[in-house]
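As given, the protein sequences belong to chains W and U, one line each in that order. Those letters in the first sequence? Residues 1062 to 1359, per the working numbering, in order. Those letters in the second sequence? Residues 493 to 899, per the working numbering, in order. So the structure is just underneath, and the comments pick up after that.
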Amino acid sequence: MLKVEHLSKKFDTFPALQDVNFTIHPGEIMGLIGQNGAGKTTTFHSILNFLHYEGKITWEQQPITEKTFDTIGYLPEERSLLPKMTIEQQIVYLAKLKNHPAKEIKPQIDDWLKRFDVQGKKSDKIKTLSKGNQQKVQLICTLIHQPKLIILDEPFSGLDPVNADLLKNAVLDAKKNNAAIIFSSHDMSNVEEICDSLIMLKKGQVVLSGTVDAVRDSFGKTEIYCKTTKSLAELQQLPHVKKVEKKAHGQYLLRIDDENSGPEVFDALTNGEYVEEFRQQPPTLDEIFRMEAGEQHE
Amino acid sequence: MNKLWTVTLQTYWHQVKSWSFLLLILGPFFIIGCSALGGAIGASSDSDSQIAVISSNEQVRQNFIKNNGKYVDAKIKTAESAKKAVKKEKIDGYLVFETQKNQVKAVYHGASPIDDELKPKVKSYLQKMQSQLNLQQAQLAPYQLKALQQQPQYSEILQKNHQGDKLVKMVSLIIVIMVVYMVLMSYSSITAQEIASEKGTKIMEIIFSSTTAAKYFLGKILGIFGVIFTQLIIYIVGGWATYRWALHAKITASFMHNNQVVINKILGNLLNVNLIFLILGVIIYTILAAFSGALVAKPEDSSKAAQGTTMLSLIAFFLSFALITNPEQILPQVLSYVPFFSSFMMPIRIINGHVGNVEVILSLAILIVSIIGLTIYISKIYQGVILQTEDTSFWQRLKRGLAYSKA
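Shown next as structure tokens:
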């Protein structure tokens, strides 16, 4: 279990993190969201002891030390490998730094290259690989030693949908192996899709935290997606409707003032007749992100 | 420990397998080889430049050829054939021996002056012939003959600090200073570039999420020390093999034989405590170079990384040449205890024989303690320095790096 308590960090006088608290249990995936400069990478760097910080960070109730590093898999935001090494040398070198001997790692390399569909032989030099394949090799380096704590800084950036799926599957496999996983992302759909919990930072402070559903529900089920023959003007006249937005394919989004008024809105909209779609839900993470980032949430 | 050796071996093989290391190793052997080849070619061309010897007295001719055979084309016996050979450039010239009115004469005919080496031999031979002729003409009694044949005797009794020793010292000093300077310049540059190429890269974040920065830094330094020791061992073994070869090779044997004492003294001056000063000097400059490399703004600046270390070594290099003749002045005495300078200055004082064992040990101790202290200190701030990515000024980067251990 990773436990972060009262984590604060200042760069000169600038407060990069202020009293950040969270816990990640084994088998849990946590999404760390926030705008650029919100403190996501600083949080990761604090966990990894790259920085001096105030507060307490523990893994399995123990401070994080070099011994703990052997159980950590870290993927930094920008990709970087040693270009003159071959794929095999690179993977083995980084695995040896995690105290996994070459004889244990070498037999696994072919399977991992196949699993991530890396285009190239393990004897190819890193510098000869495409950017995408280098990214995959780096991901293999992060995961091949079966880490128990996985820290991924913007892992989906630059990945096409096919490779993003490969990554998601790898993260979900690691979860099955009981790893505690934390990753940062600007793409809320990825967070929504695979995370159990999330934490949102804004100017170094936690503004949202909890399970994905709880966070969404905390904003109330104030959105209704529907398909109807009524006009925009007619929809705006419905009770409790604050705002109406026309979406694609004949769909409307109604924002209501009270989540308990859903049945009343339903009755007024349908008058007992059939409607193709009526779905009441909380805001999406993307909307919550925009609201929180833009301080629009009341 | 495993992680330390993993970094050490990775650094070692990365350097040893590079072309620059191969060139660094082969360079001196290439220069020695070229010199030897040049000498051999010179020697063979010298042996080609022969002359003919002509004399109406065949005994005179044969005696000269007997003693100076390598300069003479013995097949040519007449002035006519010699002239033709000179014209066809088969020989450089020809020497004609004559005896007229009890006087021995030798006349050299050629397009260019007679060989400088041969000229005194011809004069000596003439002198000998003339003496014999004079003695025959004088018709001396045996005791008179014996008295005249009495030869003077010359011998040398040398003081301890005679000129030869001064030459040995000067050559030893120059070699020591040059070797220290060249080796540490090479490795300062290699080390600084090795470290600078990683500056601010994300691979360092991956590595520091696996091992401590202190262990990584130590591994890097040990890897480079491994490369330095590999080079030194190759040079010592190669140098010994070259020395053995030179003792017996045709083109160098006489030089080695004539200068054996001087050469052995120079080697003795190099392969003693001065070698330890050399190694420790290279080590402390290597550590400083690693720190310089870590202080560059970005990997692209790696070529500039060694500048600080290079400047310091240049100052030490020029100071040691400036003070080479007066090593017992106060400045060289003080500098012989100051790390970064002592590797140049103390060997100078040792070779000059003006320094006691206690002073040498004290200087070595200061150097070793400085190396350990510097390594520990840089290890502590290494992570903070190497992970900096801001393109700030050198002094800001240094300030932030130095502040890292206290933050």
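For glycine and all other residues, C-beta sits at the position ideal for the given N, C-alpha and C.
Straight-line spacing of the CA atoms in leucine 625 of chain U and glutamine 645 of chain U works out to 24 Å.
Within the same chain, and ignoring the five residues on either side of asparagine 1110 of chain W in sequence, the residues whose Cβ sits closer than 7 Å to its Cβ are Ile1125.
Interface annotation, phenylalanine 1130 of chain W: in contact with chain U, CB-CB separation under 7 Å.
Of all residues in the stretch 1099 to 1121 of chain W, only Leu1109, Phe1111 and His1113 come within less than 7 Å of chain U when Cβ atoms are compared, listed by chain position. The three-state secondary structure of glycine 561 of chain U, taken from DSSP, is helix.
The C-alpha of lysine 495 of chain U is placed about 8 Å away from the C-alpha of lysine 707 of chain U.
In this structure, isoleucine 1148 of chain W keeps its C-beta atom at 7 Å or more from the C-beta atom of lysine 1188 of chain W.
At a cut-off of 7 Å between beta-carbon atoms, glutamate 851 of chain U makes no contact with chain W.
Measuring C-alpha to C-alpha distances from serine 702 of chain U to each of W:Ala1225, W:Ile1211 and W:Ser1245 identifies W:Ile1211 as the nearest. Per DSSP, reduced to three states, the secondary structure at serine 871 of chain U is helical. In this structure, DSSP gives methionine 1091 of chain W an extended state, which the three-state scheme calls strand. Rounded to whole angstroms, the Cβ separation of valine 564 of chain U and glutamine 595 of chain U is 23 Å, and the two are not in contact under 8 Å. Taken in chain order, the complete beta strand (DSSP E) segments of 3 or more residues contained in the stretch 579 to 612 of chain U are 585 to 592 and 595 to 602.
Within the stretch 685 to 715 of chain U, contact with chain W at the beta-carbon level (separation under 7 Å) is assigned to Thr693, Lys694, Ile695, Glu697, Ile698, Ile699, Phe700, Ser701, Ser702, Thr703 and Thr704. The alpha carbon of isoleucine 1108 of chain W has as its nearest neighbour, out of W:His1310, W:Asn1097, W:Tyr1135 and W:Gly1088, the alpha carbon of W:Tyr1135.
Closer than 7 Å to the CB of leucine 1158 of chain W there is at least one CB belonging to chain U.
Between threonine 801 of chain U and leucine 1158 of chain W, the CB-CB gap reaches or exceeds 7 Å.
In this structure, the straight-line span from the alpha carbon of asparagine 849 of chain U to that of glutamine 825 of chain U is close to 14 Å. Neighbours of threonine 498 of chain U in chain W, taken as residues whose beta carbon is under 8 Å from its own, are Tyr1154, Lys1157 and Leu1158 in chain order. DSSP, reduced to helix, strand and coil, places lysine 1064 of chain W within a strand of the structure shown. With a beta-carbon spacing of about 7 Å, methionine 838 of chain U and valine 852 of chain U fall inside the 8 Å limit used to define contacts.
According to the DSSP assignment, glutamate 1325 of chain W belongs to the alpha helix (DSSP H) that extends over 1323 to 1331. Under the Cβ criterion of 7 Å, lysine 495 of chain U is counted among the residues facing chain W. Cβ-Cβ distances below 6 Å link methionine 621 of chain U to Val596 in the same chain, with the five nearest sequence neighbours on each side left out; the list follows chain order. One Cα belongs to alanine 733 of chain U, the other to isoleucine 524 of chain U, and the distance between them is close to 12 Å. Beta-bridge partners assigned by DSSP to glycine 1134 of chain W: W:Ile1211. DSSP places arginine 841 of chain U within a helical segment (H, G or I) once states are collapsed to three.
The Cβ neighbour count for histidine 1206 of chain W, taken over all protein chains shown within 10 Å, is at least 16; the residue is labelled buried.
Using a CB distance below 8 Å, the part of the stretch 499 to 516 of chain U facing chain W consists of Val499, Gln502 and His506, ordered along the chain. About 6 Å separates the beta carbon of isoleucine 1242 of chain W from that of alanine 1235 of chain W, a gap short enough to meet the 8 Å contact definition.
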